[in-house]
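As structure tokens, the structure follows; a few thoughts come after it.
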Amino acid sequence: MSLCYCSAVELLGKLAAGAVSSVELTRCFLDQIAAHDGTVHAFLRLDGDAALARAAQIDQRRRAGQPLGPLAGLPLAVKDNLCIRGQPTTCASRMLEHFVPPYDATAVARLLQADAVILGKTNLDEFAMGSTTETSHFGPTRNPWDVQCVPGGSSGGAAASLAAGMTPLSVGSDTGGSIRQPASFCGVTGLKPTYGRVSRYGLVAFASSLDQIGPLARSAADAALLLQVLAGYDPLDSTSANIPVPDYAQTIGQPLEGLTVGVAREHFGEGLDAEIEVAVRDAVRVYQSLGAKIRDISLPHSKYAIATYYIIAPCEASGNLARYDGVHYGYRTDEPAMLAEWNAQRRQLDAAGDPRALDKLDSTLVRMYRRSRAEGFGAEVKRRVMLGTYALSAGYYDAYYLKALRVRRLIRRDFDEAFREVDVIAGPVAPTAAYRLGEKLDDPLAMYLGDLYTVSTNLAGLPGISIPCGFTRDSLPIGLQLQGPPMQEERLLRAAHLFQQATDWHTRRPPLTSTRP
Ligand code: GLN
15 MSLCYCSAVE
25 LLGKLAAGAV
35 SSVELTRCFL
45 DQIAAHDGTV
55 HAFLRLDGDA
65 ALARAAQIDQ
75 RRRAGQPLGP
85 LAGLPLAVKD
95 NLCIRGQPTT
105 CASRMLEHFV
115 PPYDATAVAR
125 LLQADAVILG
135 KTNLDEFAMG
145 STTETSHFGP
155 TRNPWDVQCV
165 PGGSSGGAAA
175 SLAAGMTPLS
185 VGSDTGGSIR
195 QPASFCGVTG
205 LKPTYGRVSR
215 YGLVAFASSL
225 DQIGPLARSA
235 ADAALLLQVL
245 AGYDPLDSTS
255 ANIPVPDYAQ
265 TIGQPLEGLT
275 VGVAREHFGE
285 GLDAEIEVAV
295 RDAVRVYQSL
305 GAKIRDISLP
315 HSKYAIATYY
325 IIAPCEASGN
335 LARYDGVHYG
345 YRTDEPAMLA
355 EWNAQRRQLD
365 AAGDPRALDK
375 LDSTLVRMYR
385 RSRAEGFGAE
395 VKRRVMLGTY
405 ALSAGYYDAY
415 YLKALRVRRL
425 IRRDFDEAFR
435 EVDVIAGPVA
445 PTAAYRLGEK
455 LDDPLAMYLG
465 DLYTVSTNLA
475 GLPGISIPCG
485 FTRDSLPIGL
495 QLQGPPMQEE
505 RLLRAAHLFQ
515 QATDWHTRRP
525 PLTSTRP
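Listed below in structure tokens is the structure:
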């Protein structure tokens, strides 16, 4: 098998044994990217030379017998909403096209400390708002299983990069499903950790009470390696939890004695594709055959999850995105053009003999803010900002935002009750498999409804993992979601690993044809 599809665990073994050097490995992934990314477009930015130079350094340190970090010499990719010092961090937005952060995100600092080699930054929906990467200012990523289809989103570049063998590990972020849903669309494994498990310092904020950084990989065992490096307390993020991080790699192979898997009746309702339901129910039967007890449960408030999420997330986004005004941060409109327009309007009003001509014009400052934001943000981001400011405005705040916060508590309480009876909850990741590019782009509501099964995990602050569990008739991957109690990533990884030991869905590869220009 080509090195490109080897597991991270295996590759680290080969690196340690000297069977392959980091430079060779980095070159192998860069070649794979060169061969296929013209079509897939998983990467927004590649740092081939820097990656090779770093790989050479790590090889040299290894030869010199110096101590090395846990990911020493392993290439990987980072979603382009995480700051890397001195490199553009665009969030796939025109607004941040030229933003170069002067610092590393904690997640990135940890990767560097672990001696990983960062290949580049992966594509996403603009500001991580979307489910397909189609809102990326730089154009969509395509699904390696069918390039006419979306890879999911917002971490679509991360998921596609793994499916296409362009990297063994990819870092993503998940606010309402952005790690798990693209993982399911691309047939890879993605874990959204508990709120607080991974520091978000240096992650460009979307919805601060929901955002989490997490690993995408081609197996649970590989995801465990990456989570190990990312997880842990960080004084730079006051929401990061100051509790010990278990040794995931060590415990992942341990048997799960007396595992009870919950199946929520609300996860199999209206809107779920029949093929997905069959694959997910089959996956539950796999657990049963492995000795798990299966129990029917109910999450009665899950029907409100979409409405709740699509109030809370835009409310928080509207605040977080206020900083992009072309002054503090971000794209600034062409000022001479703006001033020329301002003067022209003023002359018109003057010519009309209007005595209040000046009052009728926005100040140039307001005009600059307005134009910068109008030109810098795409349509979906504007929609979210408008939804959020509306729901937060006087008169609507209580009716929408406060009510959503209350329902959020009820959603969390449903989970707390369920986890008194079961260890994990198994269900679908998304109601459908990947769909065609453009299919839902003009129908935001249809797009939002695709987040039905993922958003409640974020609203409740829980960990959730997506693992491949089958294929549709059209040969598109299907994902199984496992949700767990707070801080039980270890349990999810073990349960996912157990499944992957008994099945081979996660080992299937897409039929890529080279598109080297
Ligand atoms: N698809 C969801 C949204 O559009 C989730 C995005 C995310 O998790 N970043 O908001």
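When you line the sequence shown up against this note's numbering, it's residues 15 to 531, in that order.
The C-beta atom is built at its ideal place from N, Cα and C for all residues, glycine as well.
Quantities reported herein were computed from a predicted structural model and do not represent experimental measurements.
So within the region 59-123, which uninterrupted beta strand (DSSP E) runs reach at least 3 residues, ignoring any that extend past its ends?
89-93
Selection from Glu148, Thr253, Ala351 and His520 that minimises the alpha carbon distance to Glu394:
Glu148
Inter-stretch contact (C-beta, 8 Å, three-pair minimum) for the region 368-386 and the region 333-340:
yes
Can you tell which of Ala388, Thr274, Asp188 and Leu66 has the C-alpha that lies nearest to the C-alpha of Asp437?
Thr274
With a Cβ-Cβ cutoff of 8 Å, do His55 and Thr146 count as a contact?
no
What is the DSSP secondary structure of Lys317, reduced to helix, strand or coil?
helix
Ala197: CB within 7 Å of a non-hydrogen atom of the ligand GLN
no
Buried or exposed (CB count within 10 angstroms, at least 16 for buried), Asn157:
buried
Note down, in chain order, each residue of its chain lying with its Cβ closer than 7 Å to the Cβ of Gly62, except the 5 sequence neighbours on either side.
Leu44
Span separating the alpha-carbon of Ile479 from that of Gln497:
7 Å
Measure the beta-carbon distance from Thr136 to Val92 and round it to whole angstroms, keeping in mind my assumption that it falls under 8 Å.
7 Å
Would you list the one or two residues that DSSP bridges to Phe57?
Thr136
Determine the closest residue to Cys329 out of Gly272, Leu419, His511 and Ser252, with distance taken between C-alpha atoms.
Leu419
Alpha helix (DSSP H) runs contained entirely in the region 320-372, provided each spans 4 or more residues:
349-365
Grouping DSSP H, G and I as helix and E and B as strand, with all else coil, what is Pro531?
Summary for Pro531: the model assigns pLDDT 39, below 50, so the residue's position carries little reliability, and this model does not support an answer.
C-beta atoms of Val72 and Asp118 nearer than 8 Å:
Val is not the amino acid found at residue 72; the sequence shown has Ile there. It is not a contact, given that the beta carbons lie outside the stated cut-off.
In this structure, does DSSP put Thr146 in helix, strand or coil?
coil
In this structure, what does DSSP give as the bridge partners for Ala231?
Leu183 and Thr203
Starting from the C-beta of Tyr19, find all residues in its chain whose C-beta is less than 8 Å away, skip the five residues before and the five after it, and write them out in chain order.
Gly179, Arg232 and Arg523
Leaving out five residues before and five after Pro531 in sequence, what residues of the same chain have Cβ atoms less than 8 Å from its Cβ?
Any reading at Pro531 must be qualified, since the residue scores a pLDDT of 39, below 50, and its modelled position is unreliable; no value is offered.
Just to confirm the assignment, what range does the beta strand (DSSP E) spanning Val275 have?
Thr274 to Ala278
Simplified DSSP assignment, three categories, for Ser480
strand
Using DSSP's beta-bridge definition, name the partner residues of Gly441.
Gln495
Rounded C-alpha distance that separates Gln242 from Pro258
11 Å
Where Leu66 and Pro84 are concerned, what is the direct C-alpha to C-alpha distance, given to the nearest angstrom?
19 Å
Are Thr612 and Val185 close, meaning C-beta to C-beta below 8 Å?
For the chain, the structure presents residues 15 to 531; residue 612 sits outside this window and is missing.
So what does DSSP say about Cys20, is it helix, strand or coil?
coil
Please name the residue or residues paired with Ala245 in a DSSP beta bridge.
Val212
Rounding to the nearest angstrom, what Cα-Cα distance links Tyr323 and Arg279 in this structure?
21 Å
Exposure of His511, with buried meaning 16 or more beta-carbon neighbours within 10 Å
buried
Where the beta strand (DSSP E) through Ile266 begins and ends
Looking at the DSSP string, Ile266 is not in any beta strand (DSSP E), and its letter there is neither H nor E.
Is it the case that the CB of Ala541 approaches a heavy atom of the ligand GLN more closely than 7 Å?
This structure cannot settle anything about residue 541, because the visible part of the chain is limited to 15 through 531.
Over the uninterrupted alpha helix (DSSP H) stretch that includes Lys396, give me the two end residues.
Ala393 to Leu406
The alpha helix (DSSP H) spanning Arg384 covers which residue range?
Thr378 to Gly390
Alpha carbon to alpha carbon, what distance is there between Pro89 and Gly79?
20 Å
For Leu455, three-class secondary structure by DSSP:
coil
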